[in-house]
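Just below is one structure, and these are the notes that go with it.
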Amino acid sequence: MAGKKVSLFVQCLVDSMFPQAAEAMVSIFQRLQIDFDYPTQQTCCGQPAFNSGYRKDATVAARRFIEIFENEAVIVCPSGSCVHMVRHHYPELFADDPEMLARAKTVGSKTFEFTQYLVDELNLSNIGAEFPGKVTYHDSCHLSRGLQINSQPRTLLRHIKGLEFIEMKDSDTCCGFGGTFAINYPDISTAMVDEKIENILASGAEVVTGCDISCLMNIQGRLSRREENVKVMHIAELLASTAGGQS
Amino acid sequence: MRNDLPFLDNIRKALNLPQGQERTKLTVPTLFEKPDKSATRRRIERRTYQEKQDLINIFSENCTNLGTKLHIAGSLKEAEDITVEIVRSRQPEFSYNRHIVLHDHPDIAAMQLWKRFNRESVTVHTTFSGDHETTEKTIASYIGITVPSISIAESGTLVQITSAGCPRSTSLVPSIHIALIRSETLVADLKEACCLLEDLKPEDSYVFISGPSKTADIEAHLVHGAHGPKEVHIILLKEEPQQLEPQAIQVESESPSEEKTESETPPEQACTLDDQAEETAEKS
Amino acid sequence: MSKKIESAYIEGAKKAIASPTLQKSLDNIQDRFGKGAMQLWKELEDQGMRDRVKESRMRTLAHLDIILMELAQKVRKRGGKVFFARTAEEAVAYTLEVAQKNQVKSVVKGKSMTSMEIDIDPALEKAGIEVVETDLGEYIIQLAGDTPSHIIAPCIHMDRHDIGKLFTDKLGIEPTTDPPELTMAARKALREKLLSADMGITGCNLACAETGQIALVSNEGNIRMSTTMPRIHLALMGMERVTATTDEQRETLQLLTRGAALQKLSTYVSFNGGPKKEGDPDGPEEFHLVIIDNGRSKILADLEFRESLACIRCGACLNICPVYGKIGGHAYNSTYPGPIGAVITPLLDGVNKHADLCKGETLCGACLDVCPVKNDLPRMLSALRYKLAYGDNRWNVRQHNVKEAYVYAAWQKAISHSSAYRRMIKTARLLQKPFIGKNNMIKKMAGLASGWTDDRDLPPIAQRTFSEIWDEKYAKRQQQTPAIKEETNNEK
Ligand code: SF4
Chain F
45 MAGKKVSLFV
55 QCLVDSMFPQ
65 AAEAMVSIFQ
75 RLQIDFDYPT
85 QQTCCGQPAF
95 NSGYRKDATV
105 AARRFIEIFE
115 NEAVIVCPSG
125 SCVHMVRHHY
135 PELFADDPEM
145 LARAKTVGSK
155 TFEFTQYLVD
165 ELNLSNIGAE
175 FPGKVTYHDS
185 CHLSRGLQIN
195 SQPRTLLRHI
205 KGLEFIEMKD
215 SDTCCGFGGT
225 FAINYPDIST
235 AMVDEKIENI
245 LASGAEVVTG
255 CDISCLMNIQ
265 GRLSRREENV
275 KVMHIAELLA
285 STAGGQS
Chain G
118 MRNDLPFLDN
128 IRKALNLPQG
138 QERTKLTVPT
148 LFEKPDKSAT
158 RRRIERRTYQ
168 EKQDLINIFS
178 ENCTNLGTKL
188 HIAGSLKEAE
198 DITVEIVRSR
208 QPEFSYNRHI
218 VLHDHPDIAA
228 MQLWKRFNRE
238 SVTVHTTFSG
248 DHETTEKTIA
258 SYIGITVPSI
268 SIAESGTLVQ
278 ITSAGCPRST
288 SLVPSIHIAL
298 IRSETLVADL
308 KEACCLLEDL
318 KPEDSYVFIS
328 GPSKTADIEA
338 HLVHGAHGPK
348 EVHIILLKEE
358 PQQLEPQAIQ
368 VESESPSEEK
378 TESETPPEQA
388 CTLDDQAEET
398 AEKS
Chain E
2 MSKKIESAYI
12 EGAKKAIASP
22 TLQKSLDNIQ
32 DRFGKGAMQL
42 WKELEDQGMR
52 DRVKESRMRT
62 LAHLDIILME
72 LAQKVRKRGG
82 KVFFARTAEE
92 AVAYTLEVAQ
102 KNQVKSVVKG
112 KSMTSMEIDI
122 DPALEKAGIE
132 VVETDLGEYI
142 IQLAGDTPSH
152 IIAPCIHMDR
162 HDIGKLFTDK
172 LGIEPTTDPP
182 ELTMAARKAL
192 REKLLSADMG
202 ITGCNLACAE
212 TGQIALVSNE
222 GNIRMSTTMP
232 RIHLALMGME
242 RVTATTDEQR
252 ETLQLLTRGA
262 ALQKLSTYVS
272 FNGGPKKEGD
282 PDGPEEFHLV
292 IIDNGRSKIL
302 ADLEFRESLA
312 CIRCGACLNI
322 CPVYGKIGGH
332 AYNSTYPGPI
342 GAVITPLLDG
352 VNKHADLCKG
362 ETLCGACLDV
372 CPVKNDLPRM
382 LSALRYKLAY
392 GDNRWNVRQH
402 NVKEAYVYAA
412 WQKAISHSSA
422 YRRMIKTARL
432 LQKPFIGKNN
442 MIKKMAGLAS
452 GWTDDRDLPP
462 IAQRTFSEIW
472 DEKYAKRQQQ
482 TPAIKEETNN
492 EK
């Protein structure tokens with residue numbers, strides 16, 4: 045894969061709370077000999093503000109993102125909802141500004157979710173990972189419905205040596221995160237994540253994985269409070285694992 | 118009270134139309150354009166004997182799924198026997214008297230049911246147009262017998278059109294509905310049915326009936342007989358293959374581009390339905 | 002975020018979540034009908050059908066003036082009466098007038114949400130007219146003095162024991178919990194009402210301008226009864242529930258019955274459009290069609306929300322929505338619950354008043370996928386939130402939450418400068434220390450985001466953020482490897 049270069053777009057939550065997911069992604073690029081860069085001015089794509097209705101504030105974030113990333117050839121992000129934000133909502137934000145709209149669309153067209161990039165753009169399925177254990181996968185809404193990314197992560201998971209992949213019931217039902225929804229409506233959100241957790245437990249998996257830290261953080265937070273014995277890992281962490289542990 | 122003008126003005130405002138200018142049907146002629154149905158018509162007309170058999174099988178399967186009991190009768194005599202058997206084996210739901218009510222239709226008349234029951238305590242009513250007691254008779258009846266104009270294979274559906282002598286309540290108020298249909302009224306799907314309906318141009322109300330009345334409002338538990346009939350029986354009169362084949366060939370020899378002839382065929386079909394009924398009745 | 006938000010929505014949600022009966026029914030209905038509809042769309046032979054119907058719905062809306070005029074003309078030609086009601090009050094007044102003119106003593110109703118929207122029952126009852134709901138679920142609700150919790154299955158919050166007890170109390174039947182027995186008891190009680198009522202009031206699933214007939218859909222047969230036996234039939238129709246041609250009407254109805262209950266056709270789809278003909282023994286002597294605006298023209302005027310009028314009220318979005326799946330219908334405090342209710346209730350009845358309906362979803366997008374006419378409800382919810390965020394003149398919206406707005410304004414400043422942003426993260430890392438529990442998770446948070454830790458833990462900010470790791474580990478690596486870069490460039 046030499047000759048390829050990606051620009052890392054690291055979701056703010058991954059940056060501050062789950063840096064191991066971004067590091068895992070970096071180590072995979074290293075293994076694949078793909079060059080990478082991380083524009084350090086990046087902060088947040090604006091998704092939380094957009095989803096809460098604060099579009100003017102989100103527009104500031106969007107403009108910033110476009111300015112930082114528009115000269116990059118390929119932008120890769122370990123979070124589906126952020127990619128969805130860039131691809132689908134940026135154009136909405138600039139609907140009345142033709143110049144920015146065109147720039148937003150250009151940036152959107154080269155922004156990829158991590159597994160989407162590996163499978164669709166690089167045509168990879170087996171990247172030499174090894175992970176012993178039973179793993180189930182949660183389909184985040186913005187990935188599965190927004191970006192139609194369903195098969196890519198599964199393809200990669202099925203090719204991890206030693207990994208036993210188990211589908212859970214209703215894997216594509218929302219986990220109840222919804223950004224500030226979980227904070228403003230905790231009772232509803234908890235009822236939803238509890239159902240998700242019941243399905244995870246019923247699958248018998250030891251690890252639940254996904255391509256969006258937001259949902260995983262929600263699931264992990266509830267698992268931890270319920271003191272359940274299931275581990276939460278970002279898919280990049282699983283893909284970065286090799287015979288000798290995580291590379 | 119009439120509010121047409123201010124109401125429609127509000128809509129025009131909402132649609133950002135210039136004020137004071139009323140649009141009509143003619144302003145946007147495409148709005149009421151009907152799709153070309155010649156292909157659907159051809160499909161109905163050119164159905165081969167085997168295809169018709171397949172339709173009956175699909176219809177039968179869907180009736181079973183819906184909880185409709187389908188009986189196949191080779192002749193009107195057989196249909197009569199099936200009807201008599203249903204009447205005898207069922208008890209009235211709301212009273213002790215056995216009344217049944219029939220649409221005023223030649224196929225039903227041909228069965229001469231009153232003759233079959235003249236030694237039993239079964240009262241047979243016919244919904245003759247102009248009879249002021251029809252509603253009372255219908256309410257008193259536990260079985261209603263009708264002849265729907267069209268039936269639909271894909272959904273196990275009967276199309277019952279209201280007309281003089283064929284009121285709405287016969288297929289609705291009695292506990293059991295028996296529908297007598299001829300296999301040539303069977304079409305594949307709703308699209309075909311609507312195509313025929315367009316030709317029949319029902320002036321009065323009509324209804325698509327698919328199975329017995331049902332509800333699942335209590336714990337999603339399916340129960341038949343919420344307000345309408347608890348049981349629906351369809352007696353399908355199957356036509357003879359010899360009668361049918363030459364007809365199919367005849368249609369095929371027509372030029373498909375002749376729109377007019379084609380669109381006129383179905384009403385003729387509907388007319389022949391009655392004629393054939395009398396014919397068969399004489400035979401039996 | 003603030004106290005204000007402890008609203009009827011949240012109260013209703015809590016109550017629903019605590020009811021095992023409701024939770025079981027919701028699971029059941031969603032498992033069968035929600036997922037069933039998704040599957041059905043996937044297997045639909047005619048994959049263009051949904052888009053075609055959506056297109057026809059939007060075309061109808063854009064020409065509603067012409068189509069409604071044509072409809073009215075056709076109905077009148079057949080001897081029916083048409084009344085255009087701009088408001089709920091006008092619709093109620095007209096209905097009452099028709100009832101009184103005809104000395105109506107009793108009314109039977111076929112399930113109609115529009116009748117609930119305009120709140121017709123109290124007006125009729127005040128005039129001394131008996132009003133009986135005839136849909137079994139609605140009848141149960143009426144006996145219990147309750148409100149529906151689903152647009153297709155109104156009494157899913159009650160189980161057979163509740164209903165058994167209710168019937169023993171109100172209908173005097175022997176105690177039973179057997180659904181068929183209960184249904185038969187209602188069948189008997191309602192038959193008398195249906196056969197003797199003076200007037201039937203129904204909704205309208207879909208009118209057709211070409212024929213001037215309205216289609217009514219039911220499985221029970223109560224609607225056929227209500228439109229056949231009483232002297233008067235009055236249909237209440239939301240002004241958008243119409244198609245131009247029979248072809249459009251047919252296709253739309255096919256989507257309706259599939260979306261609602263996975264049926265190719267409902268048990269009964271009846272087409273009525275006027276009084277009975279000379280010599281007909283049954284059917285109404287008078288037919289009235291009341292076409293109701295009641296705030297719809299305002300939605301029609303706003304292109305951002307016009308799409309919501311394409312809705313055919315199939316209820317599929319309720320059957321798939323994970324939020325509805327937990328909180329049921331009552332929490333929405335509206336005639337129209339679920340995702341579609343969350344969009345049109347604020348538009349019809351006040352955005353601020355129903356702010357929780359705009360904000361209380363996760364925007365997961367399942368409703369869009371399951372909707373037979375592909376209504377983009379998440380997009381419209383997001384647009385409503387935009388109005389709440391800053392206020393909006395057109396829809397008369399006040400800024401909903403000043404505190405929240407302030408937080409986002411501050412957030413905007415913070416994310417605009419990466420150095421300030423990283424400093425902020427560092428500060429938070431210091432402040433969180435006392436809250437980190439044994440398993441390296443935060444158990445309790447104070448302030449705006451405290452809702453998060455009511456029932457779940459929060460991972461703390463990492464010892465080293467990725468940006469910090471980058472600076473330490475990878476930024477240098479890149480400085481060391483310009484040679485490789487050039488090499489790769491040469492390869493090209
Ligand atoms: S929005 Fe769509 S899914 Fe929901 S009720 Fe309306 S038509 Fe059905």
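Residue numbers (our numbering), protein chains in the order written: chain F, 45 to 291; chain G, 118 to 401; chain E, 2 to 493. Ideal Cβ positions, reconstructed from N, Cα and C, are used throughout, including at glycine. Since the structure is predicted, the reported quantities are computational estimates derived from the model, not experimental observations.
Cutting at 8 Å between CB atoms, please list the residues of its own chain near Arg-161 of chain E, excluding the five before and the five after it.
Thr-178, Asp-179, Pro-180, Leu-183
Nearest candidate by alpha-carbon position, reference Val-270 of chain E, set E:Asp-122, E:Met-240, E:Asn-220
E:Asn-220
If you draw a straight line from the alpha carbon of Asn-120 of chain G to that of Lys-194 of chain E, how long is it in whole angstroms?
33 Å
Cys-56 of chain F CB to nearest heavy atom of the ligand SF4 below 8 Å:
no
If you compare alpha carbons, which of E:Ile-30, E:Lys-102, E:Ser-451, E:Trp-42 is closest to Arg-232 of chain E?
E:Lys-102
Looking only at its chain, what residues have a beta carbon closer than 6 Å to the beta carbon of Ala-106 of chain F, apart from the 5 residues adjacent to it on each side?
Gly-90, Tyr-134, Leu-137
For Gln-138 of chain G, is the classification buried or exposed, using 16 other Cβ atoms within 10 angstroms of its Cβ as the cut-off for buried?
exposed
Local conformation of Arg-163 of chain G per DSSP, three classes:
coil
Check each residue of the segment 87–102 of chain F: if its Cβ is closer than 8 Å to any Cβ of chain E, include it; give the result in chain order.
Thr-87, Cys-88, Gly-90, Pro-92, Ala-93, Phe-94, Asn-95, Ser-96, Gly-97, Tyr-98, Arg-99, Lys-100, Asp-101
From what residue to what residue does the beta strand (DSSP E) around Arg-207 of chain G run?
Looking at the DSSP string, Arg-207 of chain G is not in any beta strand (DSSP E), and its letter there is neither H nor E.
Is it buried or exposed for Arg-395 of chain E, if we count other Cβ within 10 angstroms and need 16 for buried?
exposed
Quick one: does the C-beta of Ala-156 of chain G sit closer than 8 Å to a heavy atom of the ligand SF4?
no
Using CA atoms only, rank isn't needed, just tell me which of E:Pro-123, E:Leu-358, E:Tyr-407, E:Val-324 is closest to Arg-386 of chain E.
E:Leu-358
For Ala-261 of chain E, report the span of its alpha helix (DSSP H) as first-last.
247–262
Would Met-277 of chain F pass as an interface residue toward chain E - the criterion being a Cβ-Cβ separation below 9 Å?
no
Is Asp-235 of chain E near the ligand SF4, judged by its Cβ being under 8 Å from some heavy atom?
According to the sequence shown, residue 235 of chain E is Leu rather than Asp. For the ligand SF4, not one heavy atom lies less than 8 Å from the Cβ of Leu-235 of chain E.
Does the ligand PLP have even one heavy atom less than 8 Å from the beta-carbon of Asn-170 of chain F?
Annotation note on the ligand PLP: not contained in the displayed structure, which lists the ligand SF4 as its ligands.
Quick one: which chain E residues come within Cβ less than 7 Å of Ile-260 of chain G?
Those within 7 Å of Ile-260 of chain G in chain E number zero; the least Cβ separation is about 16 Å.
Residues of chain G with CB closer than 8 Å to the CB of Ile-30 of chain E, please, in chain order.
Ala-337
Return the CA-CA distance between Ala-131 of chain G and His-355 of chain E, expressed in angstroms with no decimal places.
23 Å
What do you get for Lys-78 of chain E, buried or exposed, if any count of 16 or more other CB atoms within 10 angstroms of its CB means buried?
exposed
For the segment 237–271 of chain E, list every residue whose C-beta sits within 8 Å of some C-beta in chain G, in sequence order.
Met-240, Ala-245, Thr-246, Thr-247, Asp-248, Arg-251, Gln-255, Gln-264, Lys-265, Leu-266, Ser-267, Thr-268, Tyr-269, Val-270, Ser-271
Measure the alpha-carbon distance for Arg-75 of chain F versus Asn-167 of chain F and round it to whole angstroms.
16 Å
Please determine, among E:Asn-295, E:Ile-470, E:Arg-457, E:Tyr-391, the residue with the shortest C-alpha to C-alpha distance to Thr-88 of chain E.
E:Asn-295
If you draw a straight line from the C-alpha of Phe-149 of chain G to the C-alpha of Lys-142 of chain G, how long is it?
8 Å
Is Arg-314 of chain E near the ligand SF4, judged by its Cβ being under 8 Å from some heavy atom?
yes
Taking 9 Å as the threshold (beta carbon to beta carbon), is Arg-478 of chain E in contact with chain G?
no
6 Å Cβ shell around Val-340 of chain G - same chain, five flanking residues per side excluded:
Thr-332
Compare the C-beta of Leu-354 of chain G with all C-beta atoms of chain E and state if any pair is closer than 9 Å.
no
In three-state terms, what does DSSP make of Gln-74 of chain F?
helix
Residues of its chain near Leu-239 of chain E, where Cβ-Cβ distance is below 7 Å and the 5 sequence neighbours each way are ignored:
Here residue 239 of chain E turns out to be Gly, not Leu, going by the sequence shown. If we look at Gly-239 of chain E and ignore the five residues flanking it on each side, its Cβ neighbours are Thr-115, Ile-293, Arg-297.
Quick one: what's got a C-beta closer than 7 Å to Leu-172 of chain G's C-beta in the same chain, skipping five residues either side?
Ala-270, Leu-303, Ala-305
As assigned by DSSP and simplified to three states, the class of Pro-363 of chain G:
Confidence in Pro-363 of chain G is poor, its pLDDT being 43 and thus under 50, which makes the residue's placement unreliable; the coordinate value appears in the next sentence. DSSP places Pro-363 of chain G in helix when its eight states are reduced to three.
For Gly-13 of chain E and Pro-21 of chain E, I'd like the C-alpha separation in whole angstroms.
14 Å
Outcome for Gly-213 of chain E when other beta-carbon atoms lying within 10 angstroms are tallied against a minimum of 16:
buried
DSSP three-state call for Glu-98 of chain E: helix, strand or coil?
helix
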